[in-house]
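Residue numbering for the sequence shown follows the working numbering, starting at 3 and increasing by one per position. Each residue gets a CB set at the ideal place from its N, CA and C atoms; glycine is no exception.
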Amino acid sequence: MCGICGVARSDGAPVERATLERMNRMLTHRGPDGDGYFYNPGIGLAMRRLAVIDVAGGDQPIANEDETLWIVYNGEVFNFPALRAMLEQKGHRFSTHTDTECVLHLYEEYGDDCVEHLRGQFAFAVWDQRAGCLLIARDRLGQKPLYYTVQDGRLYFASELSSLLEALPQRPPVDLQAIDLYLSLQYIPEPLTPYEGVYKLPSAHRLTWEHGELNVERYWQLAYGPKLADSEADLIVELRARARQAVHMRLISEVPLGAHLSGGIDSSIVVALMAEASQGPVKTFSVGFEETAFSELDYARLVAERYATEHHEFTLTFGDIPATLEAMLAHFGEPFADPSALPLYHLSRVTRQHVTVALNGDGGDEAFGGYWRYYLDPWANRYLKLPRWLTQRLVPSVVGALPDRADRPVGGSLVNGLKRLGNLAQVDRRASILRWGSYFAEGLKAELWKPELREMLDLGAAEQLLVERFEGAPAESYLDRTLYTDVTTYLPGDLLVKADRMTMAHSLEGRSPFLDHELAAWAARLPEHLKARGRQGKYLLRKAFADYLPPEIMRRGKQGFGIPVGVWLRGPLFDWTRQLLLAPAGQTSRWFQRATLERLLEEHHSGRADHGKRLWALAILALWADKQSGV
Numbered sequence: 003m004c005g006i007c008g009v010a011r012s013d014g015a016p017v018e019r020a021t022l023e024r025m026n027r028m029l030t031h032r033g034p035d036g037d038g039y040f041y042n043p044g045i046g047l048a049m050r051r052l053a054v055i056d057v058a059g060g061d062q063p064i065a066n067e068d069e070t071l072w073i074v075y076n077g078e079v080f081n082f083p084a085l086r087a088m089l090e091q092k093g094h095r096f097s098t099h100t101d102t103e104c105v106l107h108l109y110e111e112y113g114d115d116c117v118e119h120l121r122g123q124f125a126f127a128v129w130d131q132r133a134g135c136l137l138i139a140r141d142r143l144g145q146k147p148l149y150y151t152v153q154d155g156r157l158y159f160a161s162e163l164s165s166l167l168e169a170l171p172q173r174p175p176v177d178l179q180a181i182d183l184y185l186s187l188q189y190i191p192e193p194l195t196p197y198e199g200v201y202k203l204p205s206a207h208r209l210t211w212e213h214g215e216l217n218v219e220r221y222w223q224l225a226y227g228p229k230l231a232d233s234e235a236d237l238i239v240e241l242r243a244r245a246r247q248a249v250h251m252r253l254i255s256e257v258p259l260g261a262h263l264s265g266g267i268d269s270s271i272v273v274a275l276m277a278e279a280s281q282g283p284v285k286t287f288s289v290g291f292e293e294t295a296f297s298e299l300d301y302a303r304l305v306a307e308r309y310a311t312e313h314h315e316f317t318l319t320f321g322d323i324p325a326t327l328e329a330m331l332a333h334f335g336e337p338f339a340d341p342s343a344l345p346l347y348h349l350s351r352v353t354r355q356h357v358t359v360a361l362n363g364d365g366g367d368e369a370f371g372g373y374w375r376y377y378l379d380p381w382a383n384r385y386l387k388l389p390r391w392l393t394q395r396l397v398p399s400v401v402g403a404l405p406d407r408a409d410r411p412v413g414g415s416l417v418n419g420l421k422r423l424g425n426l427a428q429v430d431r432r433a434s435i436l437r438w439g440s441y442f443a444e445g446l447k448a449e450l451w452k453p454e455l456r457e458m459l460d461l462g463a464a465e466q467l468l469v470e471r472f473e474g475a476p477a478e479s480y481l482d483r484t485l486y487t488d489v490t491t492y493l494p495g496d497l498l499v500k501a502d503r504m505t506m507a508h509s510l511e512g513r514s515p516f517l518d519h520e521l522a523a524w525a526a527r528l529p530e531h532l533k534a535r536g537r538q539g540k541y542l543l544r545k546a547f548a549d550y551l552p553p554e555i556m557r558r559g560k561q562g563f564g565i566p567v568g569v570w571l572r573g574p575l576f577d578w579t580r581q582l583l584l585a586p587a588g589q590t591s592r593w594f595q596r597a598t599l600e601r602l603l604e605e606h607h608s609g610r611a612d613h614g615k616r617l618w619a620l621a622i623l624a625l626w627a628d629k630q631s632g633v
C-alpha cells in the first residue's frame, strides 16, 4: 500500500514543488519505505511507498517505455501476474515486477477502461502526456481512499484529507449539512467531506481532468440478478472454491503476512483457508476488552488453537483511550464515530510489530447477509402493520421505561432489542440501518441544533439518502435492496474507511478476501433464503464452512467489534466528555443547544437512557471541530 497525491493546473504552469512536498510528507505513515515525484508543465505527482511486491525495484512514479505515461498508485491488484502475461503477449515491455506497472500498461492498451480489468483494491492516477489528461480511479467497493477539490483552476487530490488540506491556501468552510449527516450515520457519506467543495471520489468511479475540465463517472455496479438456480449442494461447492481463490490470491507478498482474527465467522474462515494454503503457521492477531461481555478473545483462541496459529492478543483498557483519539482523528481528517476504530487502531499497532500485511473478514456480512437486522427487518415490517396506537404510543412508552443495558453489545440482550422498537415507526422502513440505530434520529437532531442553524439544514437528508439508494438498487427483494444500500453507503463510508485509516496509521496493509469483487458479485446473485433464513444470517456461508470451524463459532450470533462506550461514558470517560461538550469556547457550543447536551449527559450518567454512542459521536465531533478551527 501507499499514499498518493498530486496537483494539476489548467493553465499549464509548473506545480510548486514545496506544495507537493508538503502534501507528500503528510502521507509518510502510509508509505515509510520511500517517496517519489514527477513534474511536468501543468502536473505534479507524488507518492509514499509501503514496499510489499517487488520490494527492490518497484519505486514510483513509474513510466511506460517512452515516458509519455506516468502513474502513482496505492493498492494491490491481485490478478496482475495474468494481466502481465497477457500484456507481454501484446508486445508491452516491463521494467519492474510490480502490479503498478501492469495498471499503466493496461491504460496504454485500453485507456480509461483499464479499471475494468483490475481485481483488487486501488486508487491511482495516470498522467497521459500526449493527451494532456489525468485519469484517477478508485476500486469497486471502496477499499482505498481518494479525496479531491478544484480551486482556482487547479485540481488537488490525495489519499487522505490532511494531505489535501496541506496544499490549500486556507481551510475551506465547514459543511454543516455534512455534519448533520454524520450525526445520523456516524460517518460522512461519499462524495461529501466536512468541508465545502472538497469531495471523496466515490467507490467504483473514475475521474478525468483534461484542460481544466473535470468529469466523474461510475464504471461498475453490483447487480443482484439474475438469481443463481443451482442446487444448494452445488452452490456450497462453488462458494468454497471462490472463497479459497479469493484468499489464495491475497497471499502474494514479499514481506511477512498474517491475519486479524475477531472470533467471528468471516475472519475465522479466512484464517482457516490461509492455514490450508500455508506451509508454516499463520500469524493471527486479536483484540479484546476487560469488559468480558464485549470481548471475543475466547472465540478467537478456539480458531487459533484449531489451526495451530502463532497467536497474539491485545486487551484494550480505558487508559488507552484519551491519548489515542486525537491521533486517530489526524488520520481520518474528519469526524468519524464508529467506536470500533479504537480497538482496530491498537490491534494494527500490535500487528505491525510482527507483519506488514494482514488479511481480515471485512465484507462478509454485506455479501452474505450477516447483520441481525437483516433477519429482523421482515418481522419489523409486519409489526408496523399493527394499529398505530400500539406501535407509536403504547409500545414506545413501555419499552422506554425498561432499564438501560449499556453493559451489553448491540443485540446482546433482549432489552436492547426491545428498546429499538420505538424507532421503527419513526424511520422509513427502507432505511434499515437507521431504524435499528443508536445515533441521532431526526427529532433529536432538531432539539440539538441551535434554531438559527436548524432552519438552514435538511434534518431528513440521511434518511432520504438511504431511501434513494434502496429505491435505485438493481435488485427486487427487500433484503437485496437493503444489502445494496449497505454496500454503497455503510461499507465504503464507515467500515472501509475505518479499516484503511487504522491499518495505514501503522503502515500495515489490510487485505479483505470477501471484498473480492468477483466473489461479491457472485454472492449478490444468491437467492435471499440462502443469505438470511429464520433467525440466522449468512446461511449458505455457515453451511459451506461448518466443518472448518469450531461449533462454538458456528452457533454464536453476530457481534463484531462491540465496544463498551456506554459503560466508559457512564464511568471513567464521563467527566472528560462533559468538559469537552460543554466548554464555552468549544466549537460544538456554537452549533448545539447547551440544554440538550446537558440532558443527554444526565440521562446517560443516571442510567435512564443509553446515549453512549450519541455522546461518543459528539465527543469525536468536538475534538475534530476544535482542532480544525484552531480553538
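Euclidean distance between Cα positions of residue i and residue j
i	j	result
residue 547	residue 313	22 Å
residue 81	residue 54	15 Å
residue 206	residue 572	41 Å
residue 107	residue 66	7 Å
residue 612	residue 451	20 Å
residue 258	residue 222	33 Å
residue 1	residue 146	Nothing about residue 1 can be reported from this structure: the residues present for the chain run from 3 to 633 only.
residue 138	residue 127	4 Å
residue 599	residue 17	46 Å
residue 347	residue 341	11 Å
residue 544	residue 171	53 Å
residue 606	residue 614	7 Å
residue 204	residue 391	42 Å
residue 68	residue 233	53 Å
residue 262	residue 305	12 Å
residue 92	residue 109	13 Å
residue 416	residue 100	At residue 416, the pLDDT of 49 sits below 50, so the modelled position is not reliable; the number obtained from the coordinates is stated separately. Cα-Cα distance, rounded: 52 Å.
residue 183	residue 176	13 Å
residue 508	residue 351	6 Å
residue 308	residue 260	16 Å
residue 413	residue 424	Legend: pLDDT at residue 413 = 49, less than 50; position of this residue unreliable, value from coordinates given subsequently. Those two C-alpha atoms are separated by around 15 Å.
residue 72	residue 132	11 Å
CA nearest to the CA of residue i, picked from the options
i	options	result
residue 173	180, 5, 164 and 68	164
residue 471	191, 258, 86 and 162	191
residue 511	86, 396 and 353	353
residue 315	474, 345, 605 and 602	345
residue 159	477, 45 and 131	45
residue 473	500, 487 and 464	487
residue 442	339, 89 and 493	339
residue 228	529, 94, 298 and 57	529
residue 337	299, 27 and 185	185
residue 11	213, 78 and 118	213
Helix, strand or coil at residue i according to DSSP, with G and I counted as helix
i	result
residue 367	helix
residue 288	strand
residue 416	With a pLDDT of 49 at residue 416, under the threshold of 50, the predicted position of this residue should be treated as unreliable, though the coordinate-derived value follows. In this structure, residue 416 counts as helix in the three-state DSSP scheme.
residue 229	coil
residue 46	strand
residue 221	coil
residue 87	helix
residue 207	strand
residue 52	coil
residue 266	coil
residue 201	strand
Whole-angstrom C-beta distance between residue j and residue i, which should lie under 8 Å
i	j	result
residue 9	residue 29	At roughly 14 Å, the Cβ-Cβ gap does not stay under 8 Å, so residue 9 and residue 29 are not in contact.
residue 264	residue 288	7 Å
residue 627	residue 590	6 Å
residue 551	residue 270	5 Å
residue 579	residue 621	5 Å
Enclosing beta strand (DSSP E) for residue i [first to last residue]
i	result
residue 554	Run containing residue 554: none in the beta strand (DSSP E); it sits in the alpha helix (DSSP H), 553-557.
residue 1	Residue 1 cannot be examined here, being either before or after the span of the chain that is shown, 3 to 633.
residue 75	71-79
Residue range of the unbroken alpha helix (DSSP H) whose run includes residue i
i	result
residue 159	It is not in any alpha helix (DSSP H) - residue 159 instead sits in the beta strand (DSSP E) that spans 156-160.
residue 358	Element bounds for residue 358: n/a, residue is neither H nor E.
residue 570	567-572
residue 519	519-526
residue 1	For the chain, the structure presents residues 3 to 633; residue 1 sits outside this window and is missing.
residue 236	234-251
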